[in-house]
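Everything in the sequence shown is counted per our numbering, starting at 180 for the first residue and increasing by one. Have a look at the structure below, then the notes.
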Amino acid sequence: MLVLAPHTDDGELGCGGTIAKAIDEGIEVRYVAFSSADRSLPKGFKKGALKKELFEATARLGLSNRNVKCLDYDVRTFYHHRQEILDDMLEIKSSFDPDIVFAPSMNDLHQDHKTVAEECRRMFKRTSVLGYEMPWNNISFDTLCFSILKRKHIERKMEALRCYESQKHREYLSDAFIEGLARTRGVQINAQYAEAFEVVRWIIR
């Protein structure tokens with residue numbers, strides 16, 4: 180399982196519960212963030228703070244640091260580096276050929292998220308790909324796939340997101356929002372908690 184995050188924290192927000200669940204089930208998970216987003220740091224935080232928070236957060240989900248990588252593309256410039264990002268994905272695929280990839284929704288409005296989603300679809304066209312949900316960036320989102328989660332998975336997702344001290348001012352990182360969305364998606368499929376995904380490509384082997 181491969182998680183592609185345009186910026187630090189995107190993967191935890193979009194599929195943190197599913198990452199925790201996969202690790203509990205013994206599935207190898209690798210996580211790649213394409214930017215440490217230093218330009219988005221609030222005043223008072225040193226360069227590299229988000230990268231440090233990324234490794235702390237993913238460790239809370241159960242990921243080993245050796246399976247987490249953070250690249251250095253500048254925020255809001257991904258469109259100008261499409262080929263380099265595609266080349267990075269090729270390198271990732273060559274070293275780890277996943278059976279499923281999680282990436283931003285194809286309907287995500289953020290320019291960096293959209294670039295990663297599009298290049299992911301291009302690179303992993305023979306792999307199952309699911310687009311994760313970020314409601315503040317999605318005008319539309321097709322809830323076509325659900326990952327049923329237990330309370331412990333949501334707790335670990337919330338614990339991971341608390342590691343982002345530099346981003347705590349963002350409402351969508353709050354425990355209330357994370358649990359509320361998970362409960363909403365759970366209600367849709369008669370479960371206590373869930374995460375929802377768009378199906379970009381689904382391959383039955």
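The C-beta atom is built at its ideal place from N, Cα and C for all residues, glycine as well.
Sequence-distant residues of the same chain with beta carbon closer than 6 Å to residue i, five excluded per side
i: T306; result: V280
i: S319; result: N286
i: K226; result: D217
i: H289; result: N316
i: A184; result: G190 and A212
i: N340; result: Position check: residue 340 holds Leu in this sequence, whereas Asn was assumed. So the qualifying residues of the chain are E191 and L352.
i: I264; result: E298
Residues bridged to residue i (per DSSP)
i: S326; result: E374
i: V208; result: BP columns for V208 are empty, so no partner.
i: K248; result: V211
i: R380; result: V308
i: N317; result: D287
Limits of the unbroken alpha helix (DSSP H) element including residue i
i: G195; result: D189 to D203
i: L265; result: R261 to S274
i: I357; result: D354 to Q367
Reference residue i; option with closest CA among the options
i: E270; options: A296, V211, S243 and L328; result: V211
i: C342; options: F213, K230, H332 and Y258; result: K230
i: R245; options: L360, S219, V254 and E207; result: E207
i: I382; options: T237, D278, K272 and L220; result: D278
i: L323; options: V308, I333, A339 and T237; result: V308
i: R364; options: E344, E338, I333 and Q346; result: I333
i: G310; options: S274, G359, F376 and G190; result: F376
i: D253; options: E235, G196, T187 and S284; result: T187
i: L167; options: Q367, S353, R380 and V378; result: The question about residue 167 has no answer, for the chain in this structure spans 180 to 384.
i: V379; options: L340, P283, A339 and H348; result: P283
i: D266; options: L233, H259, V247 and M302; result: M302
i: T237; options: I202, R255, E263 and G359; result: I202
i: I368; options: K248, E338, G205 and L328; result: L328
i: E374; options: Q346, F325 and K331; result: F325
i: E235; options: D291, E338, F257 and S274; result: E338
i: L250; options: S243, L233 and L242; result: L233
i: S345; options: R209, S219, S214 and T197; result: S219
Contacts around residue i, its chain only, beta-carbon distance under 8 Å, and the 5 residues preceding and following it disregarded
i: S362; result: Checking the sequence, you will find Arg at residue 362 rather than Ser. Closer than 8 Å at Cβ, skipping near neighbours: Q371 and Y372.
i: F356; result: E350
i: G223; result: none
Residue range of the beta strand (DSSP E) that includes residue i
i: F281; result: I279 to P283
i: S307; result: S307 to Y311
i: L181; result: L181 to A184
Beta-carbon contacts of residue i that lie in its chain and below 7 Å, excluding the five residues immediately before and after
i: D287; result: K293, A296, M313, N316 and N317
i: R335; result: A199, R239 and L240
i: R261; result: T294 and E298
| message | Quick check for students: name the residue ranges of the beta strand (DSSP E) that lie wholly in the segment 216–250, counting only runs of 3 or more. | response | 247–249
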